[in-house]
Amino acid sequence: MKVKIDIFSGFLGAGKTLLMKKLLEEGVYTEKIAIIENEFGEVSIDGGILRETNIEVREINSGCICCQVTGDFKDALLQVISDYSPTRLLIEPSGVAKLSDIKNIFSEKDLIDITEVDNVITVIDPLKIDVYLNNFKKFYKDQVISADKIVFSRCQFINESELLEAKLKISRLNRKALLITKPWDTLKGSEVIKNFTPNNSFFNLKTNPIKSKATLLKDSTAENTSNTFSSIPIYVKNRFSKDELIKKFEFLSSSSNFGNVLRAKGIVNLLDGNKHQFDFVPNEFNIRKLNYSPEDVIIIIGTDLKENALKSFFN
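Following the working numbering, the numbering of the sequence shown begins with 1 at its first residue and continues without gaps.
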């Protein structure tokens, strides 16, 4: 029997890991599950989050699946299948991976006989569609076009007109994918992992676009071949209050002294003595208490990052 493959794609900070965790905690999958997690950069945060579901997680942190670590990914895939004999593998590529490249890996001869791609899901933040299309079109457009299911995150933060506008923008790129736009607090995992139904597609969607309210990245330009992403780990010894940490990231996103910060995540020790895991994308900061004590580290992901300035800022 072939191993079923579910791929969870999405740009930096879209909510891929949280969606996977939601599906696992709701018991959507009844098979024996394993996860391959590919984070951009040398330090993993999301793998620890997924391990809270007591699922076997294999991490690849040396780069992006679709770039220099394709061989590592295939080796990890074959090793996980050999060691754990899962009936389904969940794969979360880096947020800057081209989804089409990842799908193509499974058409190679040594994998096509033992695996079968079942769900190809792209998670999208509806308020950042314009920003990412304008600045990172190659990666972002590919993730949209290559999906068979598209799940909007953060729908609780937008109104009906903004939601309709976001649907229209995505429909112009992919009219065949199943689109899911329920707020996640009411969305059932079974609604994501279910068969495609044409009634939920875009084919009957006809209306006029509404002017975008998307926030633009500071000092950003259209994507070109020299536009590269970087990930900087910052090991911190300082303790912060929650408010202090929020203010730091508010300043970080408004200042031009640090480069274009697209995403940040990490583990910090707050003044209350407890470890907390946080996630940041421009205009949004979330933090939660942890029940385990990993090393304190802040991961900054973006373009043209100023490493020395960032390290000084947090230390």
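Ideal Cβ placement from N, Cα and C applies to all residues, glycine included.
Ile150, DSSP secondary structure in three states
Looking at Ile150 - three-state DSSP - the assignment turns out to be strand.
Residues in the same chain with beta-carbon distance under 6 Å from Glu295, minus the five sequence neighbours each way, listed in chain order, please.
Cβ contact annotation for Glu295 (same chain, cutoff 6 Å, sequence separation greater than five): none.
Those residues which DSSP pairs with Lys265 across a bridge:
According to DSSP, Lys265 bridges with Asp279, Ile299.
So for Lys242, helix, strand or coil by DSSP?
Reduced to three states, the DSSP call for Lys242 is helix.
Determine the extent of the alpha helix (DSSP H) in which Thr17 is found, giving its start and end residues.
16-25 is the extent of the alpha helix (DSSP H) around Thr17.
Can you tell me where the beta strand (DSSP E) with Lys109 in it begins and where it stops?
Bounds of any beta strand (DSSP E) do not take in Lys109; it lies within the alpha helix (DSSP H) bounded by 109-112.
Give the DSSP-derived three-state secondary structure of Val3 in the structure shown.
DSSP places Val3 in strand when its eight states are reduced to three.
Nearest to Ile256 by CA position, among Phe285, Glu244, Phe278, Asp304, is which residue?
Residue 256 is actually Ser in this sequence, not Ile. Taking the Cα of Ser256 as reference, the smallest distance to any Cα among Phe285, Glu244, Phe278, Asp304 is reached at Asp304.
With DSSP as the reference, please indicate the residues paired to Asn104 in a beta bridge.
Beta-bridge pairing links Asn104 to no other residue.
Where does Ala97 fall in DSSP's three states?
If DSSP states are grouped into helix, strand and coil, Ala97 belongs with coil.
Cβ of Gly266 within 7 Å of Cβ of Gly302?
Contact flag unset, no.
Among all the DSSP beta bridges, which residues are the ones paired with Lys289?
According to DSSP, residue pairing for Lys289 in a beta bridge involves His276.
Among Ile150, Tyr235, Ser230, which one has its Cα closest to the Cα of Phe314?
Sorting Ile150, Tyr235, Ser230 by C-alpha distance to the C-alpha of Phe314 places Tyr235 at the top.
Exposed or buried, which one is Tyr140 when buried takes at least 16 other CB atoms within 10 Å?
Flag for Tyr140 reads buried.
To the nearest whole angstrom, what separates the beta carbons of Pro126 and Leu163, a pair I think is in contact under 8 Å?
Contact between Pro126 and Leu163 holds, with the beta-carbon distance rounding to 6 Å and staying under 8 Å.
Pull up the CB-CB distance for Phe152 and Ile124, whole angstroms please, since I reckon it's below 8 Å.
About 6 Å separates the two Cβ atoms, so the contact holds.
Closest by CA to Arg175, which one among Ser82, Ile145, Lys4, Lys98?
If you compare the alpha carbons of Ser82, Ile145, Lys4, Lys98 with that of Arg175, the shortest gap goes to Ile145.
Tell me the DSSP secondary structure of Phe8 in three-state form.
Taken through DSSP and simplified to helix, strand or coil, Phe8 comes out as strand.
Just confirm the distance between the C-beta atoms of Leu23 and Gly189, as a whole number of angstroms; I'd bet it's less than 8 Å.
Rounded, the Cβ-Cβ distance is 4 Å, consistent with contact.
Suppose you measure from the CA of Glu31 to the CA of Asp75; what does that come to, to the nearest Å?
For Glu31 and Asp75, the distance between alpha carbons rounds to 22 Å.
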